[in-house]
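Read the structure below first, then the notes.
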Amino acid sequence: MTRFSKQNKQVAQADYINSSSPFQPAMRQFFRLTNCVNHLLGQMPSFLFLCNRFLNMIIILTLLTPAAVNYYRATWYMLDLFVFPDDKLLRASFTFTVSFGTLFLIMLVGDYIKESLNARKAKEVWYHVLFFPLAFLTVAAWKGPWMLLDQITTPSLPSACVSHVMGFLVLVCTRTTSSIVAMPGYCSNERHINLSESILQGKHCVKNTSNTICGEIAARIFNSFVTVFIIGVAVVNYWRGTWLIILTTLQYLDNDLILSSVVLIIVGYSIWIVCYVFTEFLSTIPMNPPHSILNRALEQVFVYILAFGVVCSWAGIWLLMDACLPSDLPVTCALIGHFVSIAVLYVLQACINLIGSPTGCTVHNSEKLDGFDMGSYFEKPHRIEPEKQIENGAIKQQLIRNYESTQLN
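Just so we're aligned: 178 in UniProt numbering is position 178 of the sequence shown, and the numbers increase by one with no gaps anywhere.
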């Protein structure tokens, strides 16, 4: 049955009812009730959509982000406590070598790993098993170059500024700027995504044009090297530089750790909320390729602002945990924080958000503006289609006219 035949059928039924004058009082109540129901049905999708997006924001900011930060913090301190605790340079060198070497090998055979997991019956379970070592390696890969840079260049403001600028420029040149965005800047729910397409994604700089085994191996080695050692180190550089700039600025707050952390959380979350509202508004505007240079430039600016807000929120939550959690039992606190945080994210099916660069990277698509995508924990409800809205509006207006005619009669 077509849209117009449905509309004519409902209008004809309304006219038939209006012609039966003995039932006019009952019909008046019927049309009044129908009018109210149609009004509620017209408003309900927008109301549900707003509730969904608001609840999505609350869950990300109050539960998922603190859990992710606590996991990184606890794992970071575990490495300090158990990996050459008396020698910072040796610990940094060892952590960098082992983590980056392992991730390079994993990225080299990443396609085969995912192909093997996809062939299994309980592939989701195996992917969740894989998330644990990948998340740990990601934290170790961040700590290694971070500590090496601190040992070589000292954690000073000039070093921070150079690290910040150089890291971001490398990512812009490789079109992977979204790799610096972590939770809450981007959030995924493992129920709503394709796991094999969401992890171990690298930068494909070269392709095997010769169609030979040697060419395939050479291309994989080069692409894995760029993904792990170039893009991965650039991401750590950006975060280190931004983090040190923020901590240097906080020295003007009289070294009050709690006050500094609260200010950082407010600033970071405020930036995130503005970006979140902007992307929700942007999703209502059709943006079809090809995209102009202005759109691409705005995308880079958006990612830069969002990433700065993410680093602020992480630094604030990290400092707040340093100030509030007990420090007399460092080993116990680190172990509890590590396992409790990842358990919470496993239960909420959001553990994949712990895995970031250099364990893969986010490459901007030439046909989409990926930088404006902030992900979502809850699946967005479907809005009413425009044709359906027109149909509902026409039926509603006809019923209102019929109801008014019954009142006049």
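Here a beta-carbon is modelled for each residue, glycine too, at the ideal position from N, C-alpha and C.
Please read all numbers here as calculations on a predicted model, not as lab measurements.
Helix, strand or coil at Gly202 according to DSSP, with G and I counted as helix: Within the sequence shown, numbered from 1, the residue matching residue 202 stands at position 202. In the structure shown, Gly202 sits in coil (DSSP, three-state: anything other than H, G, I, E or B).
Give the DSSP-derived three-state secondary structure of Cys187 in the structure shown. The residue you call residue 187 lines up with position 187 of the sequence shown. Strand at Cys187.
Could you tell me if Asn353 is buried or exposed, where buried requires 16 or more neighbouring beta carbons within 10 angstroms of its beta carbon? Reading the sequence shown from its first residue, position 353 is the one you call residue 353. It is buried - the Cβ of Asn353 has at least 16 other Cβ atoms within 10 Å.
Less than 8 Å between the C-beta atoms of Cys275 and Met183, yes or no? Within the sequence shown, residue 275 is the residue found at index 275, counting from 1. Within the sequence shown, residue 183 is the residue found at index 183, counting from 1. Not a contact, by the Cβ cut-off of 8 Å.
Just verifying my parser: in three-state terms, what is the DSSP assignment at Gly371? The residue given as residue 371 occupies position 371 in the sequence shown. Note: Gly371 maps to helix in three-state DSSP.
Quick check on Pro133: does DSSP put it in helix, strand or coil? Residue 133 sits at position 133 when you count from the first residue of the sequence shown. Correct three-state label for Pro133: helix.
Taking Cβ to Cβ, would you say Ala74 is nearer than 8 Å to His338? Locating residue 74 in the sequence shown gives position 74, where the first residue counts as 1. Locating residue 338 in the sequence shown gives position 338, where the first residue counts as 1. Cβ atoms of Ala74 and His338: closer than 8 Å.
Between the alpha carbons of Leu195 and Pro145, how many angstroms are there, rounded? Your numbering for residue 195 matches position 195 in the sequence shown. Your numbering for residue 145 matches position 145 in the sequence shown. Cα to Cα, the separation comes out at about 28 Å.
Since Ser179 and Leu169 should fall inside the 8 Å C-beta cutoff, what is the C-beta to C-beta distance between them, to a whole number of angstroms? What you label residue 179 is simply residue 179 of the sequence shown in a count that begins at 1. What you label residue 169 is simply residue 169 of the sequence shown in a count that begins at 1. Not a contact, Cβ separation roughly 13 Å.
Report the three-state DSSP secondary structure of Arg175 (helix, strand or coil). Position 175 of the sequence shown, counted from the first residue, corresponds to residue 175. It is coil, neither helix nor strand.
Leu79 versus Ala140: straight-line alpha-carbon distance, rounded: Along the sequence shown, read from residue 1 onward, the residue named residue 79 stands at position 79. Along the sequence shown, read from residue 1 onward, the residue named residue 140 stands at position 140. Roughly 8 Å separates the two Cα atoms.
Is the beta carbon of Tyr72 less than 8 Å from the beta carbon of Ile342? Position 72 of the sequence shown holds residue 72. Position 342 of the sequence shown holds residue 342. Between Tyr72 and Ile342, the C-beta spacing is not below 8 Å.
Please determine, among Leu247, Cys361, Trp318, Ser292, the residue with the shortest C-alpha to C-alpha distance to Leu369. As a first step, residue 369 is located in the sequence shown; it is residue number 369 there, counting from the start. Measuring from the Cα of Leu369, the nearest candidate turns out to be Ser292.
Any idea what DSSP makes of Gln251, helix, strand or coil? Residue mapping note: residue 251 aligns to position 251 of the sequence shown, counting from 1. Helix.
Along the chain, where does the alpha helix (DSSP H) containing Glu115 start, and where does it finish? Position 115 of the sequence shown holds residue 115. Its alpha helix (DSSP H) spans residues 110-118.
Of all the options Gln201, Trp243, Met166, Lys123, which has the alpha carbon lying nearest to the alpha carbon of Arg191? Start at 1 with the first residue of the sequence shown, and residue 191 comes out as number 191. Arg191 has its Cα closest to that of Lys123, out of Gln201, Trp243, Met166, Lys123.
In this structure, how does DSSP classify Cys312 when only helix, strand and coil are distinguished? Translated into the one-based positions of the sequence shown, residue 312 becomes position 312. Looking at Cys312 - three-state DSSP - the assignment turns out to be helix.
Tell me which residues share the same chain as Gly356 and place their Cβ nearer than 8 Å to its Cβ, disregarding the 5 neighbours each side in the sequence. For this step, residue 356 is matched to residue 356 along the sequence shown. The beta carbon of Gly356 sits closer than 8 Å to the beta carbons of Thr138, Ser179, Ala182, Val235 from its chain, once the five residues preceding and following it are set aside; these are given in chain order.
From Leu320 to Thr65, what does the alpha carbon distance come to, in whole angstroms? Position 320 of the sequence shown holds residue 320. Position 65 of the sequence shown holds residue 65. If you take the alpha carbons of Leu320 and Thr65, they lie about 13 Å apart.
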